[in-house]
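Okay, so here's the structure we're looking at.
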Amino acid sequence: IPLLDLNGPAAGVNASTFYQEGMAFRAVVSATLLITDVDNLNMNSATATLTSIQNAGQEFLTTTVSLPNITALYTPATGVLALNGAGTRVEYQTVLRSLSYRNASENPATAARTINVAVTDQDNGTSAAATTTVNVLAVNDRPVLDLNGPLAAGINNTVTFIEDGGNRLLPDATFTITD
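For the sequence shown, the numbering used here gives the first residue as 4, with consecutive numbering after it.
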């Protein structure tokens, strides 16, 4: 049965990191992640499961390193990133070291996310799940004032005044403020 250590030579097997709103994909495990298995040099699969989805349809897992013999498929509805294909322990380590998280929400929930990771060897022995915790940080975005409304390009508005022409609205009647 394989053993999975998400933080490499540091104490314990779990990892933690943070993700700040607006970031690209961020690695969530150590670059020294280790897979050990006393009786197998080869792995068949791995899963990373985002168990605490807070922003449905906007949270993603991926690996930023790919190898031709290991396929990756993320299913947003379940939060599962499945890696499949016969590969060496070293190949699976390489791919899993690039395990990354992204949240596309402009207003992400700030509850910590939990990602459980496990690997399965060529004899179908599956490791105990190791966990990485992702602390999500929201950003207070500046508000945007669009004086010409959502139907026109840009955010500015031009108004022409004519002497004795009566009152004029400065912004377009459809102006918007977003935050």
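Glycine included, C-beta positions come from ideal geometry on N, C-alpha and C.
Selection Asn10, Ser103, Asn110, Ala85 evaluated against Thr35 yields Asn10 as nearest (Cα-Cα). Burial state of Gly82 is buried, judged by a 10 Å Cβ sphere holding 16 or more other Cβ atoms.
Measuring C-alpha to C-alpha distances from Arg145 to each of Asn58, Asp126, Glu109, Met26 identifies Glu109 as the nearest. For Thr97, the enclosing alpha helix (DSSP H) starts and ends at 92 to 99.
Secondary-structure assignment with DSSP links Thr50 through a beta bridge to Ala85, Ala121. For Val98 against Leu70, the beta-carbon gap comes to about 6 Å, under 8 Å, which counts as contact.
Rounded to the nearest angstrom, the Cβ distance from Thr39 to Pro5 is 7 Å, consistent with a contact under 8 Å.
Annotation: the continuous beta strand (DSSP E) that includes Thr134 extends over 133 to 140.
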